[in-house]
Structures are given as C-alpha cells and as structure tokens.
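For the sequence shown, the residue numbers in UniProt numbering are 1 to 836.
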Amino acid sequence: MSFVRNIFGVGDNKESEQEDEETSEEISSSSDTGFLSNLNSASDFDTSLGSNGSGDPDCSTISNFFGYWKSLVNQEAKFQSKLNDLTKELSFRDAEANKLKFQMEELQRDVFAKSAGMDRLESELKEAQKECETISRTIRNLENDLENQKKRNILLNRELEEKTESFSVSEKDYKSKIEHLENVIKELRTRIESLEKQLQVLQEEKLQLARRQEDILSERDEEKRRIEETLEQAQKQKEQLEEKWKKDFENLRTVNILREQEMLDDFEWKLRDVEQTCKKKIDEKDEVLQMSLQHSQTKETEAEELSKKIENLIILEKELNELKDKTTEQNRSMKTLIEEHEQMQQSEENLKTEVKKLRGLIDLEKENLQHMQRIHQQEILDKERKLQQTLNEKRIEIAMYWEDRLLNEISRLKYELEQIYNEEKYSAVETVRKSKDDDFRKAERQWEQKFTEYLNEVQNLQKALDEKDEYYKNEIVKQQSITDQDIFELRRLIDKLDMSHHEKYDKLVTQHESDLEQARLVYNKKVQEVEAYWMEQVELLNARINAMKQQMEIEAQERLKVLIQTHQSDLEEQWENLIQQKKEAIQFLEEKYISKCQQLQEQLQQQQKSHTGREVELLKTVDALKNELQSKESIIEDMQSSLETLEGGIQVLNQEIAHQSEVILKEKKDYEQKLRSFESKIAKMQHQHENEQEAYRLKYINSQKTYQQTVDHLQKKYTCLTKLFEEVRQRYERRESRQEDINIISDLKQVIAEQEKDLNCINEEKRYFQMRLMALESRLDNRGSSDDESLSNDPPFADCNDAFAAETALHPPSAPHQSHGPGMLSIPPTIEEAEE
C-alpha cells in the first residue's frame, strides 16, 4: 500500500484523510443502496467512485440476490397455495368423478342384478309352468281314474239293471204262474158249474144220499176246520210278512241314513256301502220272492188237495148216482144236497174273497216292489249326483289349492329375491362406504402427516435462511470494508493502465459474448431435448396406461364371459338333469300306471267272471290306488324338494357370480385408482418440470441481466479509465522524463505484467465458473429426468444451496477473496501479490 501511495503522491496527508472519509461514506451508502444506484453519468465518475467502487457491485448483487430469493420464496408460497387450491379442486372433482363412476357401476350392478333376477324369474316361471303341466297331467290322470270309476259304476248299474231285469223276469214268471193258477181256478169254476149241472141231475138222487149226509157233513166239518186253520195260518203269515216288511223298511231307512252320512264322510266307503246295501236289498228281495214262491207253492198244494177232494166229491156224486135207485130218500138227500150246495156256495164265496184278497196282496207286493225299485233308482241317482258334486267340488278345491300354492310360492320367491337383492345392495354399499371411509381417513392422515412435514421443513428452511442471512450480512459488512480499501488502492493503479489492456479487455468482451451465445445455444438445445424427452415419456406413459386399460377391460370381459359360460353350462346341465329325472319319473309312473291299469283290467275281467271275490279285489285296488296316490305325492314332494335345492344352488351360483363381479369391479377400481395416481404423478411431474423450466428461464434471464449490467458497468468504467489514462498520458508527455519517472515506468511495467497475470487468472476463473454452470445445468437435467419425485418434494434452489454450502465448507469465510456467491464478482487472488 505504501508503494501505491508513493506513486500517486506520498506526502499528501489531507488527501488521504479526505479519501478515508469518502471510503467511510461509501461503506455507509453501499449498505443502503442497490447495484449502480449512485452512478449517474460518466463525468461524475471521479466523485461517484468514492461512493460506488468495485466492491459496491458485490454488495448490491448480494442484496439483489436476497431480495430475489425472498421474491422467489413469496412466489413459491403463492404457487404452493394455488397448487393446494388446485389439488383440492382436483381432489373434489376426482371425488365427484369417483362418485359418478360408483353410481354408474351401481347402476350397472342394478341392471345386471335385475337382468339376473328377470332371468331367474323367467326360469322360475318356466319351472312353475312345467310344474303346472305336471299337475295338470296328474289331474288328468285323476280325471281318467274318475272316469274309470264312473265306468265301473256304470257297469255296476248295468249289473243292477240286469238283476232288476232278472227280477222282472222272475216276476213275469210268477205272474204266469199266478195266471196259471187263475186258469186252474177258472177250470175249477167250470167244474163247479158242471157240478151244479150234475147237482141238478142229482136232485133226484137226494134221497139216496140222505144216509150218507151225516158222513158227508162230518167230513165237511172236518174240512171246514182244516180250511179255517189254513186261513188262520195264512193270516198269521200275512201279518208276519207285513211286520217283516215294516221292520226291513225301517232298517233300510236307518241303514240308508247311516250310509248316506258315511258316503258324505268317505267316497270309497260310500261305494262299498252302496254295493253292500244293493246286495242286501237284492238278497232280501230274493228271500221275499222265495217266500212268495213257497207261499204260492203251498197254495198250489192246497189247491191240488182241494182238487183231489173235489175228485173225491165227484166219485161220491157218482156213487150217489149209483144209489139213486137204491135210496128212497132222494128228497131228503136233495134237501141236504141243496143245503150242501148253499154251503158250497158260501165256501166258494169265501174262496173267492180269499182269492181276491190274495190278488190284492199280490198287487200290493207288486206296487211295493215297484215303489222300492223307484226309491232305489232315485237313491242311486241322488247318490250319483252327490258324488258328481263332490267330485266337482274336489276338483275345484284341488285347482284352487294348487293355484293358491303357486301364487304363494311365487310371492314368496319374489319376496325372497327382493330381500336378497336388498341385502346384497346394502352389503355392497356398506363395504364400499367402509372402504371409502378407510381410504378417506388414510388420505387425511397422510395429508396431515405431509402437511406437518412440510410445515417442519418450511420452518427449518426459514431458520436456515435466517441464519444464512445473518451470516452473509456479517460477511458482507466485513467484505465491504475490506473491498473498499482494496478498491481505493486499485483505483489509482487502474488509472495508469495502458491502452493495450483496453484492447485485451475488448477481446475478452467479444470472447465472453461468443461464449454466452454458445452457452445460450447449448442451453436452448438442452431445453428442447429435455422437452422432447419428457413429451416422449408422457406419450409412452399415456400409451402404456391406455394399453393397461384395454388389457384390464379385455381380461375382465374374458373373465365375465368365462364365468357366464360356466354358469350357463352348469344351469343347462342341471336343467337337462332335471328334465331327464322328470322324464324318468314320468315314464316310471306311466309304466306303473299302465301295468296297474292292465292289472285292473284283468281284475275287472276276473270280477266279471267271479262276483264273489269282486269286493275284496275292489278293496285291494282302492288301497293300491291310495298307495299310488301317496307314492305320487311323495314323488311330487321329492321333486319339489329337489327343485328347491336346485333353486338354492342357483342362488349360491348367482351369489358367487355377484361376488366375483364385485371382486372384478374392485380390481378395476384399484387399477383405475393406480392409473389415476400415475396420471396425477405425471401431471405433478409435468407441472414441476414446467415450474423448473420457468425457474431456470427466470434465472437465466436474471443472469443475462446481471451480465449485461456488469458489462455496461465495466464498459463505463473502462471508458472512464481510458479518459483518465489519456489525461495521465498527456501529463506524462508534457512532463520531462526523470529518473524517478523511469523507475516508476519500470515499476508500472511490472505492475502491468502482474495485471496481465491477474487477467489470465480472471479468465481462468471465468472459465471455471462457466464449467461449473454447465455442470450444474447438466446435473439438474439429469436429476429432472431420473428423480422427478425427489425434485417435486424438495423446495426450489435446493441444489444451489447445497452447492453454496459445499463451497462455504470448502472455502470458509475467513478468506474473503474466495467467497463467491451466485451472481457475485470475485476479486482476483493476485491483488495482494501486486501489493507486494
């Protein structure tokens, strides 16, 4: 420093004091003002050098750097708030989109479930129709059975008619016999008439027969007694028959009433009772007819006895004729004969009355038989009507029962389907709601954790920034004091530089501009390459995402198709098994029914042959039919149970299909969420890349501005220096050369040589900084291509801070000439050597 002072005036203490004051003023002004704030014109350069020297740009750049840093932090906060708002909007819209998709999926599920329910209902309706057909077939079979039973009843009625015809034939026979008896009576009357004629002839022989009158009277008395006895017996027999008929009629009434009640109670027992009652009536009628035949036979025997007696009388009359001549008492005999004739007339009248009574009884019996036949026919018709009514009622009841059962089953199935659908829907909604709530809670926790982490990071960064601000402010104050002193000493050295230095400087400036242009071109190329690289990656990611979506959709469709095909094949197999089982059961029943019908036909043929074992066989057939009906009902119940089990299996299969579809939908949702997360990450990376590009662009613009400002400032400074150099040169030209001047020139040449060395050092430092900038840019580009997520989480200028911290660690602030910040001009390290 003493050497410089000796050059520019060694003994000027006042000037040194003034310069010290000016340096102190410069320090105070440099701490407050910005970069090149007091430099107004080139003419005021000498005065402005006191306030803004070569050290002043360093302070201004640092202050501008921190102001720019604060503005960047504020901008970052603003952009962060905007990003938070945008993320909230995006999350809200994503939630709305998810809700809409979920609603669409629910609607699709509803449509799928409803279509499945419709298919189920259609299948169930088809099954119900088939069951109705089977039931109608069974009803038809039952109707056929009823028709067969009607035919049997018709056969029985025919048999009854045949029996009635046989009874009518027997009655005709009896009538013919009665007519024969009447003819016999007529013959007897003719004979009586002939006897009367003979009596007229025998009136003459009355006297002859007087003796034998007493004998004849006695015989007649005996005969009268016999006839009276026979009449009394006949009357008793009539009374007994009337009592029997009354008792039988009352018994039949009671039996018919009981049988009617039993017929109302049981259809099969009615048939048996009808058959038994008919048999009993037929047997009773047979017994009555046999009794009437026996009575008629007894009467025939009596008539024969009477005819024999009449023949004896004829013989006696012949004897009387023979005794006409012998007896003299013809008159007496005639009287007696007249009396006898009167008595005979009375007896004949009595016989006639008896015959009339017998005819009346026969007519009454005929009327009773006809009345009984009519009553039986009416009873049979009434019973047939009642049976038909009961059959119709039972048919209607069976049809109503099956209709009610079908309706109840359909309603039950509908209710069960609705319950299952509601339960599945409720379970699916609850599962989705629980999963969404869990995801929302997890997301909230993650956001809260991230928010707390970011807050802690921001607080830590703010603390680090505050510490660095205080450290750099202290260092700036120290450096300003040091640099001001160095600048004051260099000011005088630079005034005496040669024009050669100016030309070298011009060359350096041109080189610097060319280097800057090359750096710009390289930077633009790199930016374009990075943009193209990121665009290609984004396109590749979009293509991959679309391919993944298509693959997932194709796989889901294939799975659904496979499941649907398997389900349809299972249903078709089960349906074929059901149809085969039904066909086999129907064939088995038809074969059984045909075999039993054949057996019944054979039994009917045997019944037609043998009447005695018919009732037992009918009972057996009725029991067999009952067993068949029970077996059919059991088979129908088994079929219904198998159908219910199959319906349960179908429901289980539908539940499995629904579960698998839910799993597929969940997988789809997971993949869609993953794709959304990838898309959001890509969008965030693109946004961060754009923000980084904007930050680099702004940094590059600011660096260009700073470079231009420094270049302008240096140009102004060099113009001022050239003016000073010209003034000094003119002074030196005017002066005469002295030994001291020669020494000074030699010294100055040494200083110039040293300055050239310093300039070379400066160029090397410039190249070093350019290489450092290139390395930083390449490093940032590599990090942007490889670790975008790490860059998205780190705050901006983290690498710069790390680099700056590394430099401060390598070059501590104790060496002020080596503390280089971004955008700060460094003092060459060879200045102290120049002082030496």
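Idealized CB from N, CA, C, for every residue including glycine.
Please check the pair residue 428 and residue 662, which I expect to be a contact at CB under 8 angstroms, by giving their CB distance rounded to whole angstroms. 7 angstroms
When 99, 143 and 695 are compared against residue 68, the one with the closest alpha-carbon: 695
Determine whether the beta carbon atoms of residue 380 and residue 157 lie at a separation below 8 angstroms. yes
Is the Cβ-Cβ distance between residue 402 and residue 135 less than 8 angstroms? yes
Rounded to whole angstroms, what is the Cα-Cα separation between residue 472 and residue 457? 22 angstroms
With the cut-off set at 8 angstroms, would you say residue 426 and residue 113 are in Cβ contact? Cβ atoms of residue 426 and residue 113: not closer than 8 angstroms.
State the Cα-Cα distance for the pair residue 211 and residue 219, rounded to the nearest angstrom. 14 angstroms
Less than 8 angstroms between the beta carbons of residue 682 and residue 541, yes or no? yes
Can you check whether the CB of residue 139 is closer than 8 angstroms to the CB of residue 410? no
Select from 279, 84 and 223 the residue whose C-alpha is nearest the C-alpha of residue 308. 223
I'd like to check one pair, residue 417 with residue 120: are the Cβ atoms closer than 8 angstroms? yes
Between residue 137 and residue 630, what straight-line distance do the alpha-carbon atoms span, to the nearest angstrom? 16 angstroms
Residue 726 in three-state terms, based on DSSP: helix
Cβ pair residue 116, residue 424 closer than 8 angstroms: no
Between the beta-carbon of residue 508 and the beta-carbon of residue 763, is there less than 8 angstroms? yes
When burial is assigned at 16 or more other CB atoms within 10 Å of the CB, is residue 476 buried or exposed? buried
Determine whether the beta carbon atoms of residue 837 and residue 676 lie at a separation below 8 angstroms. Nothing about residue 837 can be read from this structure; the chain reaches only from 1 to 836.
Comparing C-alpha positions only, which one of 249, 393, 719 and 86 sits nearest to residue 369? 249
At the level of alpha carbons, what is the spacing between residue 90 and residue 702? Taking the straight line from one Cα to the other gives about 34 angstroms.
Proximity below 8 angstroms, CB of residue 105 to CB of residue 560: no
Taking residue 252 as the reference, give the member of 235, 279 and 182 with the closest Cα. 279
Relative to the C-alpha of residue 257, which candidate in 304, 231, 226 and 277 has its C-alpha closest? 277
Give me, in chain order, the residues of the same chain whose beta-carbon lies closer than 8 angstroms to that of residue 343; leave out the 5 immediate sequence neighbours on both sides. 220
Look at the alpha carbon of residue 48 and the alpha carbon of residue 730, and state the distance between them as a whole number of angstroms. Confidence at residue 48 is low in this model, with a pLDDT of 40, below 50, so its placement is unreliable and the value that follows should be read with caution. In a straight line, the C-alpha of residue 48 is about 23 angstroms away from that of residue 730.
Let me confirm a value: residue 63 is counted as buried when at least 16 other C-beta atoms fall within 10 Å, else exposed. Which label applies? It counts as buried.
When you compare only the Cα positions, how much space is there between residue 776 and residue 523? 12 angstroms
For residue 70, count the other beta carbons within 10 Å of its own beta carbon; 16 or more makes it buried, fewer makes it exposed. Which is it? exposed
Same chain, Cβ closer than 8 angstroms to residue 231, five either side skipped, listed in chain order: 354
Return the residue from the list 400, 384, 365 and 680 that minimises the CA-CA distance to residue 152. 384
What separation, rounded to the nearest whole angstrom, lies between the Cα atoms of residue 97 and residue 107? 15 angstroms
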